[in-house]
Structure formats: structure tokens, C-alpha cells
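Asks: Supplied in C-alpha cells, the structure appears directly below.
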Amino acid sequence: MGQILSPKVIAITGVTRGLGRALVGEFIRLGHKIAGCGRSAESIQKLTQTYKDGHIFDIVDVRNENEVRQWAEKVISLLGAPDILINNAAVINKNAPLWEIPAEEFNYVIDVNIKGVANTIRHFVPAMLKRRTGVIVNLSSGWGRTTDAEVAPYCATKWAIEGLTQAFAQELPDPMAAIPLNPGIINTDMLRSCFGESAESYPSPEEWAKKAAPFILKLGRQHNGQPLTVPM
Numbered sequence: 002m003g004q005i006l007s008p009k010v011i012a013i014t015g016v017t018r019g020l021g022r023a024l025v026g027e028f029i030r031l032g033h034k035i036a037g038c039g040r041s042a043e044s045i046q047k048l049t050q051t052y053k054d055g056h057i058f059d060i061v062d063v064r065n066e067n068e069v070r071q072w073a074e075k076v077i078s079l080l081g082a083p084d085i086l087i088n089n090a091a092v093i094n095k096n097a098p099l100w101e102i103p104a105e106e107f108n109y110v111i112d113v114n115i116k117g118v119a120n121t122i123r124h125f126v127p128a129m130l131k132r133r134t135g136v137i138v139n140l141s142s143g144w145g146r147t148t149d150a151e152v153a154p155y156c157a158t159k160w161a162i163e164g165l166t167q168a169f170a171q172e173l174p175d176p177m178a179a180i181p182l183n184p185g186i187i188n189t190d191m192l193r194s195c196f197g198e199s200a201e202s203y204p205s206p207e208e209w210a211k212k213a214a215p216f217i218l219k220l221g222r223q224h225n226g227q228p229l230t231v232p233m
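The working numbering applies: residue 2 is where the sequence shown begins, and numbers increase by one.
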């Protein structure tokens with residue numbers, strides 16, 4: 002992918018485990034500045050202790066607009082508007098037919114996976130627009146372009162992310178960009194909840210991040226609105 006020419010400020014949601022945690026480590030290894038959030042106080046504390054050189058990690062529930070607003074204001078005041086905003090935070094329903102999934106669980110998946118993305122866009126993008134630069138990457142899924150049984154709520158949210166991002170991309174001025182990005186099939190807690198032991202045959206988040214981080218860093222206006230997949 003080439004050498005990194007200049008350090009970037011990268012804001013990432015859902016950094017306490019899985020793909021988000023792996024991206025933090027890889028982006029920092031490549032010399033970039035991270036502002037990350039997640040809901041696990043213990044994990045956020047560990048990240049803060051591990052990465053002390055000007056990175057910011059905060060406890061934030063992306064469903065809560067006020068918490069997202071406060072986080073965005075803090076990040077922008079300390080690091081400036083992000084060069085890249087990565088909406089990674091997501092949850093999946095327990096495998097079950099749609100009619101057996103309680104309304105509370107369905108709402109939870111919707112609130113995190115769709116409303117959480119809208120909240121971060123609402124509070125980070127105006128500052129990016131003022132500077133007229135920046136890339137917004139909304140993590141989608143293979144299940145945002147195909148479907149499967151017993152994960153209907155999750156499929157619904159990721160299909161929504163594809164549509165939301167492509168529409169949002171049409172609203173951004175040049176040279177800004179928004180991309181719905183399918184990470185591929187990775188051995189995460191989320192995948193194991195669906196695939197069980199067979200998830201172990203897929204790449205780890207750390208292996209994935211070594212490919213994904215440089216790929217994301219190269220995204221720009223030429224990719225605006227395109228449904229992309231991390232090449233593995």
C-alpha cells in the first residue's frame with residue numbers, strides 16, 4: 002500500500018474488542034493518533050494505560066447521543082477534526098427466527114448498529130466539513146449485501162448501513178468521502194456466536210487489521226459511496 006506520508010487523527014467506535022481493538026493497535030503501530038470509544042470501563046482503562054502518547058480513549062455508549070456529543074467535542078478540542086471516522090461499534094442478535102427475537106433485543110441491535118452510526122456522524126462530520134476534508138468509513142458486513150437465517154435484525158441493520166452510507170456519500174463535498182466497508186469474515190466474538198467452533202478457520206482480528214488499516218488509509222474521494230470489502 003506504500004509508506005504513510007503523514008500521521009492522521011482517526012476516531013474509532015467500539016475499540017474495546019474485536020476489529021476495533023485490532024485497528025487501534027495497527028494504526029498506532031503505523032504512527033497515527035487514535036481517539037477511541039467503547040462501553041467497557043475496564044478495557045478503556047487498559048487502552049489508556051497501554052497507549053499514553055496523546056491518544057484518547059473514553060467510555061461511550063453510541064446509542065446515547067449526549068455521550069457521543071461530549072466525546073466528539075472532547076476529541077475535536079484536543080486533536081482536531083478526525084481525518085478518518087470509523088463506525089465500527091456493532092452488536093448481533095442471538096441466533097433465532099425473527100418471530101422469537103424479543104422486541105427489546107431487536108431494538109438494541111437497531112439502536113447500536115444504525116442510530117449509533119448516525120450519532121457519530123451528526124457530531125463529528127460538521128467539524129470535518131468546516132475543514133472540508135475527511136473520510137467516514139461505516140463498517141458493514143457480508144450480511145449487509147446477502148442474508149442468512151436467524152440473524153434477521155443484524156442483516157437489517159447492515160443493509161441499512163449500506164443504504165445510509167451511499168445516500169450520505171452523495172451529500173458530501175469533494176474531496177470528502179463516505180464508504181460502506183465489509184470487513185470480510187473474521188474470527189471475532191460476534192462470528193463465534195453464529196458459527197461456533199468453525200469461526201476458528203477464519204483470520205484473527207490482528208491478522209485482518211494488518212491488511213485493513215493500510216487499506217482504510219488509502220481510501221479517498223475516488224471511493225465515495227462505493228461498497229467495498231477489505232481484501233484478504
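The beta carbon of each residue, even a glycine, is placed where N, CA and C say it ideally should be. Bear in mind that the values here come from a model prediction, so they are computed numbers and not experimental data.
Inspect the beta-carbon positions of L99 and L218 and report whether they are closer than 9 Å.
Replies: Taking 9 Å as the Cβ cut-off, L99 and L218 do not qualify as a contacting pair.
Asks: Does D84 pass the burial test, meaning 16 or more other C-beta atoms within 10 Å, or should it be called exposed?
Replies: By the 10 Å Cβ count, D84 comes out buried.
Asks: Looking only at its chain, what residues have a beta carbon closer than 7 Å to the beta carbon of A213, apart from the 5 residues adjacent to it on each side?
Replies: Excluding sequence neighbours, A213 sits near L24, P184, V231.
Asks: Please list the terminal residues of the continuous beta strand (DSSP E) segment that includes P181.
Replies: Residues 178-183.
Asks: Since I believe V126 is in contact with A64 (beta carbons under 8 Å), could you give me their beta-carbon distance rounded to a whole number of angstroms?
Replies: Sequence check: residue 64 is Arg here, not Ala. The pair is not a contact, with the Cβ atoms about 18 Å apart (cut-off 8 Å).
Asks: According to DSSP, simplified to helix, strand and coil, what is I11?
Replies: I11 falls in the strand class under three-state DSSP.
Asks: Using DSSP with H/G/I as helix, E/B as strand and the rest coil, what is V16?
Replies: Looking at V16 - three-state DSSP - the assignment turns out to be coil, as it is neither helix nor strand.
Asks: Can you check which of these residues, K9, N88, E106, G226, is closest to N94 by C-alpha distance?
Replies: Closest by alpha carbon: E106.
Asks: When the distance is taken between beta carbons, is V16 closer than 9 Å to G39?
Replies: Yes; because the gap between Cβ atoms is below 9 Å, this pair is in contact.
Asks: Where does the unbroken alpha helix (DSSP H) through V118 begin, and where does it stop?
Replies: Unbroken alpha helix (DSSP H) run through V118: 117-132.
Asks: Can you give me the C-alpha to C-alpha distance between S41 and K53, rounded to a whole angstrom?
Replies: Straight-line Cα distance between these residues: approximately 18 Å.
Asks: Would you tell me roughly how many angstroms separate the C-alpha atoms of V110 and N89, rounded to the nearest one?
Replies: So the alpha carbons of these two residues sit roughly 13 Å apart.
Asks: Take the Cβ of R22 as the centre, count every other Cβ of all protein chains shown within 10 Å, and call the residue buried at 16 or more, exposed below.
Replies: The residue is buried, with at least 16 neighbouring Cβ atoms inside 10 Å.
Asks: Taking the alpha carbon of T49 as the point to measure from, which residue in D62, N67, I29 has its own alpha carbon closest?
Replies: Nearest of D62, N67, I29 to T49, Cα basis: I29.
Asks: Give the C-beta separation of G58 and I45 to the nearest angstrom, bearing in mind that I take them to be a contact with Cβ-Cβ under 8 Å.
Replies: A quick correction: the sequence has Phe, not Gly, at residue 58. F58 to I45, Cβ: 5 Å. Contact.
Asks: CA-CA distance, I13 and A168?
Replies: Computed Cα separation, rounded: 21 Å.
Asks: Near E27, which residues of its chain fall below 7 Å by C-beta distance, leaving aside the five closest residues on each side in sequence?
Replies: These residues qualify, in order along the chain: A210, K211, A214.
Asks: Which whole-angstrom value is the C-beta distance of L165 and V118, which I expect to be below 8 Å?
Replies: Confirmed, about 7 Å.
Asks: Would you kindly check if the distance between the Cβ of I187 and the Cβ of G81 is under 9 Å?
Replies: Cβ atoms of G81 and I187: not closer than 9 Å.
Asks: Please name the residue, chosen from K159, Y155, L130, that lies closest to N234 on a Cα-to-Cα basis.
Replies: What the structure shows of the chain is the stretch from 2 to 233, and residue 234 is not part of that stretch, so it cannot be assessed.
Asks: With DSSP collapsed to three states, give me the class of A23.
Replies: Correct three-state label for A23: helix.
Asks: Report whether the distance from the Cβ of P127 to the nearest heavy atom of the ligand GDP is below 8 Å.
Replies: This structure lacks the ligand GDP; in fact it carries no ligand of any kind.
Asks: Which partner residues of A36 appear in the DSSP bridge assignment?
Replies: In DSSP, A36 forms a bridge with A12, I57.
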